[in-house]
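Notes follow the structure.
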Amino acid sequence: MKQLLTMANTTLALFLVALVVTILIAYPLAAKVPMFGQVAAHIGTLLFATGIKVAYIVRLVSLRALGRPLH
Numbered sequence: 037m038k039q040l041l042t043m044a045n046t047t048l049a050l051f052l053v054a055l056v057v058t059i060l061i062a063y064p065l066a067a068k069v070p071m072f073g074q075v076a077a078h079i080g081t082l083l084f085a086t087g088i089k090v091a092y093i094v095r096l097v098s099l100r101a102l103g104r105p106l107h
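Following our numbering, the numbering of the sequence shown begins with 37 at its first residue and continues without gaps.
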């Protein structure tokens with residue numbers, strides 16, 4: 037479970053960075069990105085937000101299995 041917790045924390049951090057990047061591409065930098073890039077950024081925003089939620093749930097499950105507080 038410790039390995040699962042480490043993987044969940046790492047995945048959570050990576051997806052958070054990827055989400056911020058896609059939000060920056062999709063909104064403030066949209067004028068500098070071609071249409072395909074904008075569409076990909078909007079789709080990426082949805083996928084990375086979902087990935088954050090799944091990684092957080094895995095984190096909670098592993099914390100509970102290890103008997104650690106859920107905060």
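Cβ coordinates follow ideal geometry from the N, Cα and C atoms, glycine included.
Query, Result
"Where THR108 and LEU55 are concerned, what is the direct C-alpha to C-alpha distance, given to the nearest angstrom?", "Here the chain covers residues 37 to 107 and nothing more, so residue 108 does not appear."
"Suppose you measure from the CA of VAL97 to the CA of HIS107; what does that come to, to the nearest Å?", "12 Å"
"Taking contact to mean at least 3 C-beta pairs separated by less than 8 Å, is the stretch 88 to 97 in contact with the stretch 62 to 69?", "no"
"Can you give me the C-alpha to C-alpha distance between HIS78 and THR42, rounded to a whole angstrom?", "28 Å"
"Could you tell me whether the Cβ atoms of VAL69 and ILE61 are closer together than 8 Å?", "yes"
"Check whether the Cβ atoms of PHE51 and ALA76 lie closer than 8 Å to each other.", "no"
"Work out the CA separation of MET71 and THR46 for me, nearest whole Å.", "31 Å"
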